[in-house]
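**Q** One structure is given below, represented as structure tokens, and several questions about it will come after.
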Amino acid sequence: MNEAIKISNLTKSYGTHAVLNGLDFCVQKGEIFALLGINGAGKTTSLECIEGLRKYDSGTIAINGIMGIQLQSASLPKYMKALEAVKLFAKWNKTSLDKAALDALGIYELAKKPYYQLSTGQKRRLHLALALTRNPDILFLDEPTAGLDVEGQISLHEQIRQLKAMGKTIILASHDMAEVENLCDRIAILSGGRSAYIGTVKQLGETIGKHYNITIQTESRTEKYESENIGDSLLSLLMQYKEKGETITDIQINRGSLEQHFIKIAKGE
Amino acid sequence: MGAFLYGVSLQWKLDIRSKTLLITCYIVPLLFFAIMGGIFTSVMPEARDTLIQSMTVFGVTMGALIGLPPSLVEIYSSDIKKVYKANGVPLYLGLVLTNISAYIHLFIMSIILYIAAPLVFHAKIPQNPGKYFISLAVFIAVSLSIASIIGLAVKDQAKTSMFSIIIFIPSTMLSGIMFPMEFLPKAFQTIGKLFPASWGYKLMTENAFKFESLLPFLLIFTLAIVMCNILLRRIDK
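As structure tokens, this is what we get:
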């Protein structure tokens, strides 16, 4: 079995609002897989259902390995020091401290700092270290770089790549296309509580090659058009403007970005 | 077992670092003892007979009701509980560790009072110290169990303080430590018996264990355990 996680027909509603509406995807062992979606798409709900932190209504979740979880919003007692927290969780999970991993995450530098004195980036690193105390096969990271500065993001991305190199399967939720493009092997874009797209970022990029944005400016107005057949569309638009007797002052033709494409899929357009 | 003991020692350290617990478990009770002990023994010299018990009932009630709930609210009404659950730490651990740590702090404060009261105010030492300390142990456990309900049921710090004070004031005022119970109106005597402080004071001032004095503790403690269990399940949902 090469699947670390297999989700089938997962549903979850809050009252009458259906957040997950038959979600399906699987994550292969050793890959970095991202759940993408706009705010409220159900990324955190999906993760929390898989992690066992939230009950789901129907569907099946199969997990093949020990899970380590870094939550999007996480906290610890105000006066608990970083290394004390790691020791508590490691002792409770009957695992030994992975000193190399703690060193890589810079936990020893933070060892004596109480939790309330840590910066956002330091807290993210500490919670990643806590997730590693179970020596997990599968690591869940919910918006891992939210609130981090550029330096913090680069550093955390490097640590995530190192974890993949160690053979960990990583599933992360994000709404940052650049982060996903930079890190992930495959992605699932959530829309309407389902997977609207599953595949590699490269495959998603290839579909963009056929997609064009056309901006036509006249003396009185600016109009934007979208097309997958640039030649025919442009000819047709020029004819329309000529028939109306409008003088074109400028034409711009751009390929759509990965980000725009993601937003379209995520919004179900 | 090693993980549990590490958890207890860590919670003990966290409580020492937290000024709240230091104030509610040590500074205020000992300050109250220094001032009120002087007043009581000057105004009513016979107060020396029960000074250790009355000051201990005040200190334990204060430390438990005002000191413990904020620690529980910090854990159970925040993302801390999710971090515990997500990383394989059982939800009840926070409750157990904070209670054990508070228990030790309150016992230490009670021992300080037991030693200081005879030295400073010539207070009378209980006739049967063994029985006194067993009564104290029971009283601290039951007081903490009531405080645990507040800490688990209430979701923010401001409301926690309000509920704690609502229980703390009648607990101490109607327990018999300020004014003898028999001088209080009948209705106040009845209300006073709803709180463990009045039973704690009675138990610690009696010379022998009586079943009717222990029964209220057993009932309150059992009810509190059931309530805490229900509240923990509700939090876990």
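Listed in order, the protein sequences are those of chains A and B. The numbering used here numbers the first residue of the first sequence as 1 and each following residue consecutively. The numbering used here numbers the first residue of the second sequence as 1001 and each following residue consecutively. Glycine included, C-beta positions come from ideal geometry on N, C-alpha and C.
1. Answer yes if the segment 1143-1155 of chain B comes into contact with the segment 1225-1236 of chain B, meaning at least three C-beta pairs across the two stretches below 8 Å, and no otherwise.
2. Return the Cβ separation of residue 193(A) and residue 23(A) in integer angstroms, given the expectation that the two are a contact with Cβ distance under 8 Å.
3. Going by DSSP, what residues sit across from residue 28(A) in a beta bridge?
4. Smallest Cα separation from residue 1088(B): which of 130(A), 119(A), 78(A), 114(A)?
5. Could you tell me whether the Cβ atoms of residue 10(A) and residue 190(A) are closer together than 8 Å?
6. Beta strand (DSSP E) containing residue 142(A): first to last residue?
7. Given residue 122(A), which residues of its chain have a CB within under 7 Å of its CB, disregarding the five upstream and five downstream residues?
8. Got a sec: which bits of the segment 1001-1029 of chain B sit with their beta carbon under 7 Å from any beta carbon on chain A, in order along the chain?
9. Between which two residues does the alpha helix (DSSP H) containing residue 1018(B) stretch?
10. Check whether the Cβ of residue 1082(B) lies closer than 8 Å to any Cβ atom in chain A.
11. Does DSSP put residue 17(A) in a helix, in a strand, or in coil?
12. Listed from N- to C-terminal order along the chain, which residues in the segment 1086-1098 of chain B have their beta-carbon within a distance smaller than 7 Å of any beta-carbon of chain A?
13. Under 8 Å, Cβ to Cβ, is there at least one residue of chain B near residue 7(A)?
14. How many whole angstroms separate the CB atoms of residue 181(A) and residue 201(A), which I take to be in contact at a CB cut-off of 8 Å?
15. Any idea what DSSP makes of residue 159(A), helix, strand or coil?
16. Show which residues of chain A have a CB atom less than 7 Å away from the CB atom of residue 1236(B).
17. Return yes when the Cβ of residue 1156(B) is within less than 8 Å of the Cβ of residue 1226(B), no when it is not.
18. For a cutoff of 8 Å on Cβ pairs, would you count residue 134(A) as touching chain B?
19. For the segment 85-112 of chain A, list every residue whose C-beta sits within 8 Å of some C-beta in chain B, in sequence order.
20. Ends of the beta strand (DSSP E) at residue 45(A)?
21. Within 10 Å of its beta-carbon, does residue 175(A) have 16 or more other beta-carbons around it, so buried, or fewer, so exposed?
22. With residue 1124(B) and residue 1017(B) assumed to form a contact (beta carbons below 8 Å), what rounded beta-carbon distance in angstroms separates them?
23. Starting from residue 170(A), trace the beta strand (DSSP E) in both directions and tell me its first and last residue.
24. Quick one: Cα of residue 124(A) to Cα of residue 169(A), how far?
25. Using a Cβ-Cβ distance under 8 Å, would residue 1135(B) count as near chain A?
26. Here's a check: name, in chain order, each residue in its chain whose Cβ is nearer than 6 Å to the Cβ of residue 254(A), leaving out the five neighbours to either side.
27. Considering only residues of the same chain and omitting the five flanking positions on each side of residue 224(A), which have a CB-CB separation below 6 Å?
28. When you compare each of 60(A), 77(A), 48(A), 57(A) to residue 67(A) by their alpha carbons, which one comes out closest?
29. What in chain B is Cβ-close to residue 148(A), meaning under 9 Å?
30. Which of the three DSSP states is assigned to residue 188(A) in this structure?
31. Find the residues of chain B that neighbour residue 76(A), judging by a C-beta separation of less than 8 Å, and give them in chain order.
32. Quick check on the DSSP output: the alpha helix (DSSP H) that includes residue 231(A) runs from which residue to which?
33. Near residue 112(A), what residues of its chain come up, given a Cβ to Cβ distance below 7 Å and the 5 sequence neighbours on each side ignored?
34. At a cut of 8 Å, does the segment 1127-1143 of chain B reach the segment 1176-1188 of chain B through at least three beta carbon pairs?
35. What residue does the beta strand (DSSP E) around residue 61(A) start on, and which one ends it?
36. Can you tell me whether residue 1090(B) is buried or exposed? The criterion is at least 16 other CB atoms within 10 Å of its CB, across all chains shown.
**A** For this structure:
1. yes
2. 6 Å
3. 3(A)
4. 130(A)
5. no
6. 138-142
7. 110
8. 1002, 1003, 1006, 1007, 1010, 1014, 1017, 1018
9. From DSSP, residue 1018(B) is part of no alpha helix (DSSP H); its letter is neither H nor E.
10. yes
11. strand
12. 1086, 1087, 1088, 1089
13. no
14. 5 Å
15. helix
16. Under the 7 Å cutoff, chain A gives no residues; its nearest Cβ is about 10 Å from residue 1236(B).
17. no
18. yes
19. 87, 88, 89, 91, 92, 93, 94
20. Looking at the DSSP string, residue 45(A) is not in any beta strand (DSSP E); the run it does join, the alpha helix (DSSP H), is 43-51.
21. buried
22. So it is not a contact: roughly 37 Å between Cβ atoms.
23. 169-174
24. 19 Å
25. no
26. 213
27. 215
28. 48(A)
29. The contacting residues do not exist; residue 148(A) stays about 18 Å from chain B at best.
30. strand
31. 1080, 1083
32. 230-244
33. 81
34. no
35. 58-63
36. exposed
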